[in-house]
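Q: Quick mapping for you: the protein sequence lines, in order, are chains V, H and R.
Numbered according to my numbering, the first sequence spans residues 1 to 292.
Numbered according to my numbering, the second sequence spans residues 1 to 206.
Numbered according to my numbering, the third sequence spans residues 1 to 873.
Think of the CB as a built atom: it goes at the ideal place given N, C-alpha and C, for glycine as much as any other residue.
Pasting a structure here, questions to come.
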Amino acid sequence: MTEHSLYGPLDDVAGEAGYDDHPPRMGFFTDTSVCIGCKACEVACKEWNGVPADDFDLLGMSFDNTGHLGANAWRHVAFVEQRAQDLGMPSFDRPGDGSGPESRTDFRWLMSSDVCKHCTHAGCLDVCPTGALFRTEFGTVVVQQDICNGCGYCVSGCPYGVIERREGDGRAQKCTLCYDRLRAGEEPACAKACPTDSIQFGEVDELRDRAAARVAALHERGEVGARLYGADPDDGVGGTGAFFLLMDEPEVYGLPPDPVVPTRDLPAMWKRAGLAAVAFAAAAAVAFAGGR
Amino acid sequence: MRAAAAGVSMERRREAGVGPKRWLELWPVYRQLTGGDPLGRGHAAQSPRSAGLTARTEGADHVAKSICPYCAVGCGQRVYVADDRVLQIEGDPDSPISRGRLCPKGSASTQLVNGPQRARKVLYREPYGTEWQELDLDTAMDMVVDRVLDARDKGWQDVDEHGARVRRTLGLASLGGATLDNEENYLIKKLFTALGALQIENQARI
Amino acid sequence: MGSNMAEAHPVGFQWVMEAKERGAPVFHIDPRFTRTSAHADLHVPLRAGTDIAFLGGVVNHILSNELDFREYVVAYTNASFLLREDYRDTEDLDGLFSGYDPETGAYDPASWQYESVEEKHAGRDADSAAKEQSSSYQHGSGGPRVEGGSDRIAADPTLRHPRCVYQVLKRHFSRYTPEMVARVCGVSEEVFRAVCDAWTANSGREHTAALVYSVGWTQHTTGSQCIRAGAIVQLLLGNIGRPGGGVFALRGHASIQGSTDIPTLFNLLPGYLPMPTPEHTDLSSYVDSIRADHQKGFWRAADTYAVSLLKEFWGDRATADNDYCFDYLPRITGDHGTYRTVMDMVDGKVFGYFLLGQNPAVGSAHGRLQRLGMANLDWLVVRDLTMIESATFWRDSPEVETGEIAPERCRTEVFFFPAASHVEKEGTFTQTQRMLQWREKAVEPRDDQRSELWFFYHLGRRLRERLAGSTDERDRPLLDLWWDYAVVDDEPQAADVLRRVNGVDLTADRAVGGYTELKADGTTAAGCWIYSGVYADEVNQAARRKPGREQNLYATEWGWAWPMNRRVLYNRASADPEGRPWSERKALVWWDAEHGRWVGHDVPDFERDKPPDYVPEEGSVGVEALRGDDPFIMQADGKGWLFAPSGLQDGPLPTHYEPHESPVRNPLYGQQGNPTRKVYGRPDNPSNPAPPEPHGEVFPFVLTTSRLTEHHTAGGMSRTLPHLAELQPELFVEVSPRLARERGLEHLGWAHLVTSRAVVEARVVVTDRIPPLRVEDRVVHQVWLPYHWGTTGLVRGDSANDLFGVVVDPNVFIQETKVATCDVRPGRRPRGPALLDFLAGYRRRAGITADTGTHVLTAGPGAEGPAHTEEES
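In structure tokens form, the structure reads like this:
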């Protein structure tokens with residue numbers, strides 16, 4: 001255990017989790033500037049992971065009928081229609097004038113494929129009493145369905161609202177970054193399918209370099225709104241293994257602007273909470289036994 | 001990338017041996033207290049199932065090279081098969097067209113071929129009938145033979161209304177989808193032409 | 001234009017994104033802001049059905065400013081050729097060309113010929129006088145015949161002669177000014193100029209621009225001419241036959257290209273050979289109708305293609321003595337297209353119908369007509385993967401709800417056969433770049449599931465067994481059919497079929513290497529001459545799978561593209577007349593003088609060893625008559641056609657006509673709509689009135705439809721799959737905020753859309769992505785909806801195609817489903833018999849009869865041409 005086991009930058013997440021000899025940390029860089037909103041990621045994920053279809057509801061949220069990440073949506077493509085006033089552009093008075101030269105700049109349609117962030121400090125994992133959630137040798141965070149007893153602590157532990165219990169067996173569900181595929185040397189299903197390579201899979205260090213270069217290139221092109229989300233190891237979750245290039249503020253996409261792992265203050269509390277920790281272990285034991 | 005860690009963890013499990021101690025070692029809190037993962041969130045928490053996990057496509061006994069059946073881009077697909085069942089369909093990275101990628105429809109191909117929506121039996125609705133009935137394939141084929149010849153003869157014309165020789169039938173029509181193979185379209189056109197049928201059409205008209 | 005590539009062809013769109021990353025500007029010209037527009041540098045919304053006005057404006061911009069790629073245009077197109085003195089343009093005749101007959105609604109194209117082409121030759125092409133005739137499409141893709149194309153054609157290389165194509169083109173489009181584009185299309189002059197500037201700046205020696213279209217162009221009464229207009233721009237800018245250039249037809253189905261190459265189409269035989277008509281009394285008269293005596297190019301060898309096809313059909317029974325069984329081919333006498341046939345079903349003239357992976361109850365225009373036609377058959381065979389609306393119409397169609405169809409009264413006998421999927425059979429698809437790709441069989445089909453190959457092979461076998469011994473002359477073509485394809489375990493072998501499609505040298509039982517090996521003497525058999533080469537060297541070339549990353553961009557060792565594995569058609573044009581690349585960055589194929597052959601990155605689409613300075617001897621015809629700088633080797637004169645002297649029913653040049661149903665009077669001419677469009681004026685196929693007819697205000701809005709990424713056409717392969725159905729679970733209609741206010745429509749509430757055919761209800765989606773447009777100083781609202789829904793599947797809803805009537809392009813008989821007019825009202829639609837009364841009320845208010853919309857001639861002062869209606873049967 002180190003100073004940054006629960007908060008702050010952490011270079012070797014898998015090593016910290018007890019893997020002496022492990023592959024590099026793997027993750028996603030989702031470059032939303034090239035997302036075409038096709039939802040291949042959603043389908044490829046569901047097909048591979050056996051995630052069932054959800055409700056057949058028209059949501060009216062532009063072309064998004066998935067709504068949010070959840071037990072039955074491990075990838076979710078958000079669609080954001082931005083009107084002139086939202087962009088601070090002058091509006092026009094006469095209807096039909098929108099076909100003028102302002103027609104491109106007065107409207108923007110953003111698309112972004114969201115996914116579990118695979119945080120450096122994962123709230124879901126930190127609060128899981130059963131060991132169902134664990135850190136893999138790839139530095140990713142996975143729910144083990146053979147362990148999970150559906151207690152639901154993780155749901156409130158996630159600062160992004162990603163993880164959710166599935167109706168029926170009640171077990172917690174979220175992206176595994178295709179742990180099974182990774183172990184076979186395959187890339188995750190969503191990244192493989194993505195037609196425009198908006199979802200890129202690779203070593204997190206390398207992806208961060210690539211992302212920084214991409215932001216710089218977009219800025220040079222005048223896309224001043226381009227920014228990274230989750231790539232900063234000094235943020236509230238120690239940076240994420242799945243991070244994003246956004247074209248606007250995170251809130252625009254429905255993402256929390258400054259997520260913080262709920263265990264941030266845990267180290268300071270650790271000594272005072274010594275007894276609580278013992279109780280925590282005991283509770284885990286009971287839960288584990290109960291879950292078998 | 002290689003999955004080096006998979007081998008490592010498998011080895012550790014084997015070292016754990018059998019017996020009561022093994023069960024204890026598999027208990028996460030026990031490992032948390034004794035192993036190199038003091039917070040019990042990583043290696044110590046890995047379940048046997050997780051430790052043995054691999055992609056199900058690894059179990060394929062055959063991989064067929066195919067092409068996506070939806071739009072006309074013609075993306076390459078790899079069809080993973082075990083015991084004459086499709087395990088998984090995904091993009092073929094070798095394809096210079098698609099480079100392994102698929103759209104949502106192409107990505108749903110496994111469901112398309114394996115799903116419960118697939119019809120498996122011949123069904124028959126008699127004239128003025130209110131329900132489907134099952135029909136033997138062989139019987140159905142023979143019934144279609146009868147009806148094709150009947151419709152051909154009812155719509156037969158040796159000459160048209162101007163007396164010009166046309167040797168054709170207007171009693172029989174066909175509309176084909178554009179997801180049929182070239183070889184299939186060829187036999188369809190050839191057979192209908194030999195029957196004298198002309199109204200042989202296709203999605204390409206639409 | 002007319003394509004939503006990111007949504008309809010997402011994986012192909014990766015290449016557009018890549019081009020964009022490398023600096024290529026992307027423009028999207030489309031009524032709606034789509035997922036394609038989201039990634040374009042500029043989205044240009046225009047009124048649906050005004051693409052030719054826009055493109056005509058681009059042509060005018062190019063010619064007025066002399067921005068054409070002059071060397072290319074002079075050398076490779078027919079710009080310099082002189083036209084006849086009696087040619088009259090739309091400029092002279094208020095929107096008509098010379099040769100129009102109001103009674104038939106058709107043109108005699110004789111006056112559209114080149115000046116030097118003799119009268120007697122030109123007259124032979126004038127067989128299109130009858131409205132019913134489909135002669136232009138019979139000439140297929142290879143370029144219509146031009147008698148005299150191989151002779152010296154009178155020309156003015158300075159392009160100054162008033163009757164040269166260049167000047168005629170310039171005059172024809174002179175009124176397509178930026179102001180006019182703004183008036184017609186609703187596109188501002190500034191935006192229009194931005195497109196023109198980018199298009200011309202990115203063309204020429206060093207640059208090329210690509211033009212992409214889809215059914216947004218074809219599904220119009222001017223569909224063929226839309227594509228012609230795009231081709232003219234691309235020819236003028238030197239963007240044909242060059243890397244990064246071209247006109248891309250993005251087709252919508254896995255093998256829709258293959259379905260036209262090996263056509264299940266009434267007017268074609270494989271390889272774009274025409275179906276014969278009664279005038280073709282023997283093989284030689286048939287062949288002569290395809291090719292001219294004095295013409296250039298590979299169509300001159302049509303006799304070898306035709307005889308080889310007949311040999312593949314009838315094998316040993318086809319001999320020189322019996323004209324290779326040419327008489328066995330049934331004769332067409334006009335329109336036998338799918339819509340004509342459906343009307344004939346309604347009229348009781350058709351008895352049996354096969355639907356093969358096709359769902360016209362949802363996917364074809366005028367769904368009600370489709371379903372009523374099917375309800376009036378003796379029998380119907382449906383072969384599909386899943387149960388579809390076209391198989392269940394007798395019990396759950398909208399007409400059951402209105403009482404027009406009742407199971408107890410519906411006489412149609414229905415057979416449903418489950419089909420094998422793409423992984424349960426082997427065979428080839430031909431994708432949108434003309435590339436054949438072989439699929440391996442992965443698993444066996446289950447239970448009664450069978451391939452079409454199985455079904456038709458065994459249907460043929462059983463039919464022949466049933467008729468064995470018959471002496472009826474009618475049965476001879478079937479009994480004499482060469483039907484002995486290899487069969488393994490009951491399944492006919494697709495590879496054997498493909499080999500015979502490729503062609504076989506019958507003297508040696510050897511697969512031919514290409515179409516130039518085909519003979520007209522009966523020694524070769526080939527099912528589709530353009531596919532010759534796909535089985536060269538007895539190897540299934542379509543099954544080649546050398547990874548793309550191990551090849552250059554053209555990847556010629558992956559699959560096989562017709563013709564002869566050439567990936568870029570007419571790529572001789574990528575080099576200048578002397579055979580040198582126009583520029584190093586745009587090099588594709590070039591003349592290697594040292595070795596005396598054409599070489600390059602692609603397979604040259606030219607005779608390998610014909611030097612660029614080759615000049616044929618006087619009197620040469622066919623391939624020999626092609627000069628070394630005639631890149632357009634399938635054309636009768638070797639040139640790219642800015643002006644089409646023959647081959648089109650509706651004029652030698654594209655002209656803006658308003659859609660059949662339009663809210664505005666044509667601002668360009670007195671002629672409102674395409675004067676040769678095929679209207680089927682009958683009570684069950686009503687049209688909404690359009691100017692100059694009165695009462696258009698009853699249907700004040702422009703309606704357009706298209707696909708969603710998440711669904712596939714009529715939905716049989718998507719609405720039935722939970723992982724796709726959930727992504728777009730319900731029919732919705734997109735309206736602008738202003739229209740929503742005007743009509744009291746609420747986001748996610750219900751609306752119903754009304755035409756004279758149908759009323760369809762959908763959930764409302766209010767969005768800025770479908771802006772109102774200013775057209776002729778008024779506001780035109782457009783509404784859009786996807787068309788994937790029907791009465792079966794996991795997600796259900798009304799079918800948008802029910803809203804459309806049947807009116808078709810005169811060249812290809814494709815229906816106008818990309819634009820119509822409609823009314824939009826809040827709330828759900830009436831149900832049951834009340835729905836019929838509701839529609840009748842609309843028709844009454846709009847004064848609609850079978851005549852409405854059928855007076856296709858409106859040119860000239862006060863002109864109203866005759867109605868083109870059908871007699872009631």
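1. Under 6 Å Cβ to Cβ from T655 (chain R), same chain only, skipping five residues before and after it: list those, please.
2. Kindly confirm or deny that the segment 527-534 of chain R and the segment 548-555 of chain R touch, where touching means at least three C-beta pairs closer than 8 Å.
3. Between V26 (chain R) and V233 (chain R), which are expected to be in contact by the criterion C-beta below 8 Å, what is the C-beta distance as a whole number of angstroms?
4. Given that R135 (chain V) touches chain H, what residues does it touch there, using C-beta distances under 7 Å?
5. Would V43 (chain V) pass as an interface residue toward chain H - the criterion being a Cβ-Cβ separation below 7 Å?
6. Going along the segment 692-711 of chain R in order, which residues come within less than 7 Å of chain V, judged by CB to CB distance?
7. If you draw a straight line from the C-alpha of F429 (chain R) to the C-alpha of Q493 (chain R), how long is it?
8. Which value, in whole angstroms, describes the spacing of the CA atoms of M1 (chain R) and R120 (chain H)?
9. Counting contacts by CB-CB distance shorter than 7 Å, is W23 (chain H) in contact with chain V?
10. Since T705 (chain R) sits in a beta bridge, which residues does DSSP pair it with?
11. For Q82 (chain V), write down the residues that DSSP places opposite it in a beta bridge.
12. Counting along the chain, where does the beta strand (DSSP E) carrying G27 (chain V) start and finish?
13. Helix, strand or coil for S156 (chain V), going by three-state DSSP, please let me know.
14. DSSP three-state label for A751 (chain R), please.
15. Between G185 (chain V) and T176 (chain V), what straight-line distance do the alpha-carbon atoms span, to the nearest angstrom?
16. Chain V partners of D37 (chain H), CB-CB under 7 Å?
17. Using three-state DSSP, classify S136 (chain R) as helix, strand or coil.
18. Kindly list, in the order they appear in chain V, the residues whose Cβ is closer than 7 Å to that of A108 (chain H).
19. Is it a yes or a no for the segment 191-202 of chain V touching the segment 140-149 of chain V, going by three-plus beta-carbon pairs under 8 Å?
20. Can you tell me where the alpha helix (DSSP H) holding Q234 (chain R) begins and where it ends?
21. Between which two residues does the alpha helix (DSSP H) harbouring R845 (chain R) extend?
22. Consult DSSP for N49 (chain V) and reduce its assignment to one of helix, strand or coil.
23. Could you name the residues that DSSP lists as bridge partners for V159 (chain H)?
24. Between E58 (chain H) and chain V, is the shortest Cβ-Cβ distance under 7 Å, so that the two count as touching?
25. Taking its Cβ as the centre, do 16 or more other Cβ atoms sit within 10 Å of A486 (chain R), making it buried, or is it exposed?
26. Does Y124 (chain H) come out as helix, strand or coil in the three-state DSSP assignment?
27. Any idea which residues DSSP pairs V878 (chain R) with across the strands?
28. Verify the CB distance criterion: does Q82 (chain V) have a CB-CB separation below 7 Å to chain H?
29. For T77 (chain R), write down the residues that DSSP places opposite it in a beta bridge.
30. If you follow the beta strand (DSSP E) that R774 (chain R) is part of, which residue opens it and which one closes it?
31. What is the rounded straight-line gap between the Cα of A14 (chain V) and the Cα of Y80 (chain H)?
32. Just to confirm, is the Cβ distance from R331 (chain R) to D480 (chain R) under 7 Å?
33. Apart from the five residues just before and just after T713 (chain R), which ones in its own chain have a Cβ nearer than 6 Å to its Cβ?
34. Can you tell me the Cβ-Cβ gap for T524 (chain R) and S308 (chain R), rounded? I've got them flagged as a contact below 8 Å.
35. Consider the Cβ of P116 (chain H): report whether some Cβ of chain R lies at a distance smaller than 7 Å.
36. Quick one: Cα of Q199 (chain H) to Cα of H336 (chain R), how far?
A: Answer, in terms of the structure:
1. T90
2. no
3. So it is not a contact: roughly 17 Å between Cβ atoms.
4. R41 and G42
5. yes
6. T709 and E710
7. 15 Å
8. 42 Å
9. With a pLDDT of only 34 at W23 (chain H), under the threshold of 50, the placement of this residue in the model should not be trusted; the figure read from the coordinates follows. So, not an interface residue.
10. R:L785
11. V:R108
12. M26 to D31
13. helix
14. strand
15. 15 Å
16. A17 and G18
17. Confidence at S136 (chain R) is low in this model, with a pLDDT of 42, below 50, so the placement of that residue should be treated as unreliable; the coordinate-derived value is given next. Note: S136 (chain R) maps to helix in three-state DSSP.
18. V43 and E47
19. no
20. G223 to L236
21. P833 to R845
22. helix
23. H:R165
24. yes
25. exposed
26. strand
27. Because residue 878 (chain R) is not part of the residues shown, which for chain R are 1 to 873, the question remains open.
28. no
29. R:G640
30. L773 to V775
31. 32 Å
32. no
33. G363
34. 5 Å
35. no
36. 6 Å
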